[in-house]
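Chains as they are written, first to last, in this note's numbering: chain A, 25 to 189; chain B, 61 to 176.
Only one structure is covered here, and it is reproduced in the block below.
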């Protein structure tokens, strides 16, 4: 099954969610908009690639839900941490950019880990190395680079590996 | 039941608005572009998400699966997905443009890898 077909089936549903109602008219409108928007980018999104859907994606759904709750918990922790720094009378931070090796291999896994790092306490993904093995992470407190690497590997990457690899 | 929904909704709204105002204070107070992005990506996400969650609770609680609630849910998911990407792109562009880290930065392991 070509990726194009899956995309054109999914985009009308997305349009229905954006407009808030699932009706025949909305599905049809979503299909038109989907084709118009996605077709110019067919190379970028590799729409002609043949993918075979298997049950593995479905089997990962419980893991994805766990990942979502871990993410929410980390976002709240991150907000409390940044808020603490912001409301200090004198801002005293030691920022820096740290190299973080990652174990995820697939594109979606790397995207997930990079976004997760940005949303978690004190870290912001800046770039990825060309061979896709290392992320460059800006940390608001870079006094302990090894600690940052360890916490990313142990607390976040584990869940991303289970949910997206 | 309606009271509970009202309370939860207003609570979420307050958390969201408080987070957004803290984010704006952070944007003004922190020293350089990278630290400011910390404030806007993380706190902005929670702030917008909190406001949308408040709408969602209100709508789903009072009128079931209404269009407004579904829209809020979709917008919340998109914000959760796109806000870190915009933060990453802004910081990467800033670094490639040659914006230096602020004074007091103690480490830059990206320096050697940078080629432009």
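Glycine included, each C-beta is placed from N, C-alpha and C at the ideal position.
Cβ pair residue i, residue j closer than 7 Å
i	j	result
residue 169 of chain A	residue 122 of chain A	yes
residue 166 of chain A	residue 166 of chain B	yes
residue 83 of chain B	residue 115 of chain B	no
residue 65 of chain B	residue 121 of chain B	yes
residue 103 of chain A	residue 108 of chain B	no
residue 58 of chain A	residue 35 of chain A	yes
residue 124 of chain A	residue 159 of chain A	yes
residue 151 of chain B	residue 88 of chain B	no
residue 130 of chain B	residue 120 of chain A	no
residue 93 of chain B	residue 153 of chain B	no
Top-ranked residue by Cα proximity to residue i, from the options
i	options	result
residue 148 of chain B	A:37, A:163, A:30 and A:182	A:163
residue 71 of chain A	A:84, A:52, A:33 and A:53	A:33
residue 13 of chain A	A:150, A:128 and A:145	Absent from the model: residue 13 of chain A. The displayed extent of chain A is 25 to 189, so no value can be given.
residue 36 of chain B	A:144, A:179 and A:79	In the structure displayed, chain B extends from 61 to 176; residue 36 of chain B sits before or after that span and is not available.
residue 62 of chain B	B:133, B:75 and B:123	B:123
residue 75 of chain B	A:126, A:100 and A:38	A:100
residue 117 of chain A	B:158, B:162, B:145 and B:146	B:162
residue 126 of chain A	A:83, A:60 and A:179	A:179
residue 159 of chain B	B:95, B:67 and B:85	B:95
residue 69 of chain A	A:31, A:37 and A:83	A:31
residue 127 of chain B	A:42, A:154, A:156 and A:155	A:42
residue 145 of chain B	A:175, A:151 and A:176	A:151
residue 53 of chain A	A:38, A:67, A:64 and A:65	A:38
Cβ-based neighbour list, residue i, same chain, cut-off 8 Å, excluding 5 preceding and 5 following
i	result
residue 115 of chain A	109
residue 133 of chain B	112 and 116
residue 184 of chain A	91, 128, 133, 136, 137 and 140
residue 168 of chain B	161
residue 60 of chain A	none
residue 174 of chain A	none
Whole-angstrom C-beta distance between residue j and residue i, which should lie under 8 Å
i	j	result
residue 51 of chain A	residue 40 of chain A	6 Å
residue 106 of chain A	residue 99 of chain B	6 Å
residue 27 of chain A	residue 73 of chain A	5 Å
residue 149 of chain A	residue 189 of chain A	So it is not a contact: roughly 18 Å between Cβ atoms.
Contacts around residue i, its chain only, beta-carbon distance under 7 Å, and the 5 residues preceding and following it disregarded
i	result
residue 88 of chain A	187
residue 176 of chain B	Low local confidence applies: a pLDDT of 49 at residue 176 of chain B is under 50, so the model's placement there is unreliable, and no value is given.
residue 143 of chain B	101, 104 and 105
residue 46 of chain A	40
residue 176 of chain A	124 and 141
residue 84 of chain A	187
residue 93 of chain A	none
residue 156 of chain A	134
6 Å CB neighbourhood of residue i in its chain, flanking five on each side removed
i	result
residue 147 of chain A	141, 161 and 163
residue 112 of chain A	none
residue 113 of chain B	72
residue 118 of chain B	69
residue 75 of chain A	27
residue 135 of chain B	112
- Could you name each continuous beta strand (DSSP E) segment of 3 residues or more that falls completely within the segment 56 to 136 of chain A, going from the start of the chain to the end? 120 to 125
- Just list the beta strand (DSSP E) runs in the segment 61 to 130 of chain B, keeping only unbroken ones of 3 residues or longer that don't cross its boundaries, in chain order. none
- Hey, which unbroken runs of the beta strand (DSSP E) at 3 residues or more fall wholly within the segment 157 to 187 of chain A? 158 to 163
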